[in-house]
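As given, the protein sequences belong to chains A and B, one line each in that order. Start counting the first sequence at 0; every next residue gets the next number (numbering that gives the first Met the number 0). Start counting the second sequence at 0; every next residue gets the next number (numbering that gives the first Met the number 0). Beta carbons are placed, not taken as given, at the ideal position from N, Cα and C, and that holds for glycine. Presented below is the structure to which this report refers.
Number of protein chains: 2
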Amino acid sequence: MLEEVKSTNITWHAGDITREERERRNGYKSVVIWFTGLSGSGKSTLAHAVERALYDLGCHTFVLDGDNIRHGLNKNLGFSPADREENIRRIGEVAKLFTDAGIIAMTAFISPYRADRDKARAVAGDGRFIEVYVKCSVAVCEQRDVKGLYKKARAGLVPEFTGISAPYEEPLHAELIVDTAVEGVDECMARVLGVLRERGIIG
Amino acid sequence: MLEEVKSTNITWHAGDITREERERRNGYKSVVIWFTGLSGSGKSTLAHAVERALYDLGCHTFVLDGDNIRHGLNKNLGFSPADREENIRRIGEVAKLFTDAGIIAMTAFISPYRADRDKARAVAGDGRFIEVYVKCSVAVCEQRDVKGLYKKARAGLVPEFTGISAPYEEPLHAELIVDTAVEGVDECMARVLGVLRERGIIG
Numbered sequence: 000m001l002e003e004v005k006s007t008n009i010t011w012h013a014g015d016i017t018r019e020e021r022e023r024r025n026g027y028k029s030v031v032i033w034f035t036g037l038s039g040s041g042k043s044t045l046a047h048a049v050e051r052a053l054y055d056l057g058c059h060t061f062v063l064d065g066d067n068i069r070h071g072l073n074k075n076l077g078f079s080p081a082d083r084e085e086n087i088r089r090i091g092e093v094a095k096l097f098t099d100a101g102i103i104a105m106t107a108f109i110s111p112y113r114a115d116r117d118k119a120r121a122v123a124g125d126g127r128f129i130e131v132y133v134k135c136s137v138a139v140c141e142q143r144d145v146k147g148l149y150k151k152a153r154a155g156l157v158p159e160f161t162g163i164s165a166p167y168e169e170p171l172h173a174e175l176i177v178d179t180a181v182e183g184v185d186e187c188m189a190r191v192l193g194v195l196r197e198r199g200i201i202g
Numbered sequence: 000m001l002e003e004v005k006s007t008n009i010t011w012h013a014g015d016i017t018r019e020e021r022e023r024r025n026g027y028k029s030v031v032i033w034f035t036g037l038s039g040s041g042k043s044t045l046a047h048a049v050e051r052a053l054y055d056l057g058c059h060t061f062v063l064d065g066d067n068i069r070h071g072l073n074k075n076l077g078f079s080p081a082d083r084e085e086n087i088r089r090i091g092e093v094a095k096l097f098t099d100a101g102i103i104a105m106t107a108f109i110s111p112y113r114a115d116r117d118k119a120r121a122v123a124g125d126g127r128f129i130e131v132y133v134k135c136s137v138a139v140c141e142q143r144d145v146k147g148l149y150k151k152a153r154a155g156l157v158p159e160f161t162g163i164s165a166p167y168e169e170p171l172h173a174e175l176i177v178d179t180a181v182e183g184v185d186e187c188m189a190r191v192l193g194v195l196r197e198r199g200i201i202g
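Given below as structure tokens:
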């Protein structure tokens, strides 16, 4: 890049826009908010609620979730342990790119393995990864069974289903734990915003 | 998603923010500007010049290039035809996500295969893909040889090097062709902005 610029016009390389420059203009810090938890725990609902609140505060935001990742970027991945790892790796890298662009990136995936989440944390960088454990017991998620997946999993029709036939590793050092069995979405959303304020991410 | 919301609070789903809502607030359309051309043609330099100009106009922008993709999202890909295809596929999908977030996404990759670029165009959607062919002869790129890669390729040290030992398929219907052998970066940048204005992407 630097040499390439030399070959044309040295002033051009100065055009590169850093995350810091974007953050000064935006008035907030761009971070990854990583929602993790069982299927049906409410990750995506909460992420979209937080996004709306941040958007209305003037922030630029984006939610990465199954709807926009599984049928696009990660459509060539299945649900084996290796594919789940690659799934989360790509999501972590894309979330990081979004923060480089000055966006508050939220991810809403089960992301059951601690090691995979910790890699995403390392990619995001120091102080830029807010892990939110959307806690909810298998019993309650199964009672909700919003997509009918628990029923299918119990019938053996969905192999390697997290919480039933595949493990979920709880976060050890999440920045926030919300319990959607007892807290409403409003309350959970307010608690996420509280963490962002405490950490000086938003004003 | 919809059912998940039903299980908690139906008003939450309304929180989803569409690209159209973002565009109304931003005052510009989010598109992919896809720079394609040989190594050393000036794609990345031009993309960063366009980014600076758009940023100074108040747009939210991001450049995807080798610097931020090859060592991150696509670090598990090499340079075989299959890996090049997957490389460009992922970049096309990520660029689309950026436009969904209201960002003008620029990509600066050789992207030598027409079919791969056309897939990225299809992913971006109608009227949201501006293909800029950064034209420059192999002779001129080789003379610049900013990274010393042509020299290595001629010595047989870089297999499948586009323009030397691997094909480059010129765009048939690029929205813009710039010739960096005769036009300066200023001039090329102004022509890209001209195309964006003509198409009502920026005001």
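Consider the C-beta atom of residue i and the heavy atoms of the ligand MN; say whether any pair is separated by less than 7 Å.
| i | result |
| --- | --- |
| B:L195 | With respect to the ligand MN, the structure offers nothing, as it holds no ligand at all. |
Hey, could you find the ends of the alpha helix (DSSP H) residue i is sitting in?
| i | result |
| --- | --- |
| A:L37 | That residue, A:L37, is in no alpha helix (DSSP H); it is neither H nor E in DSSP. |
| B:V139 | 137-143 |
| B:A152 | 148-153 |
| A:F97 | 80-99 |
| B:D115 | 113-123 |
Give me the chain A residues within the contact set of residue i, using Cβ-Cβ distance strictly less than 8 Å, ordered along the chain.
| i | result |
| --- | --- |
| B:F61 | L96, D99, A100 |
| B:N67 | L96, D99 |
In this structure, how does DSSP classify residue i when only helix, strand and coil are distinguished?
| i | result |
| --- | --- |
| B:T44 | helix |
| B:T106 | strand |
| A:V131 | strand |
| B:F61 | strand |
| A:D15 | coil |
| A:D178 | strand |
| A:V194 | helix |
| B:I32 | strand |
| A:A173 | coil |
| B:N8 | Because B:N8 carries a pLDDT of 33, less than 50, the predicted location of this residue cannot be relied on, and no value is offered for it. |
| B:D55 | helix |
Run the CB neighbour count on residue i, radius 10 Å, all protein chains shown included, and call it buried at 16 or more, exposed below.
| i | result |
| --- | --- |
| B:S79 | exposed |
| B:H47 | buried |
| A:N8 | Any reading at A:N8 must be qualified, since the residue scores a pLDDT of 33, below 50, and its modelled position is unreliable; no value is offered. |
| B:R143 | buried |
| A:K146 | exposed |
| A:A13 | Because the pLDDT at A:A13 is just 47, under 50, the model does not fix this residue reliably, and the value given afterwards should be weighed accordingly. The residue in question, A:A13, is exposed, as its Cβ has fewer than 16 Cβ neighbours within 10 Å. |
| A:G162 | buried |
| A:A81 | exposed |
| A:R196 | exposed |
| A:E20 | exposed |
| A:G202 | exposed |
| B:L156 | exposed |
| A:N75 | exposed |
| B:R23 | exposed |
Please confirm whether residue i and residue j have their CB atoms less than 8 Å apart.
| i | j | result |
| --- | --- | --- |
| A:P170 | A:Y112 | no |
| B:R51 | A:I16 | yes |
| A:F34 | A:K28 | no |
| A:V62 | A:I129 | no |
| A:A154 | A:F160 | no |
| A:R88 | A:L72 | no |
| B:V177 | B:R190 | yes |
| A:T44 | A:V137 | no |
| A:L37 | A:C135 | yes |
| B:A100 | A:F97 | yes |
| B:N25 | B:H70 | no |
| B:A94 | B:A123 | yes |
| A:I103 | A:L53 | yes |
| B:M105 | B:V49 | yes |
Mind pulling the chain A residues with CB within less than 9 Å of residue i?
| i | result |
| --- | --- |
| B:R83 | Per Cβ cutoff of 9 Å: no residues; B:R83 is ~15 Å from chain A at best. |
| B:Y54 | G14, I16, E20, R21, R24 |
Residue i touches chain B at which residues, Cβ-Cβ below 8 Å?
| i | result |
| --- | --- |
| A:L72 | R89, E92, V93, L96 |
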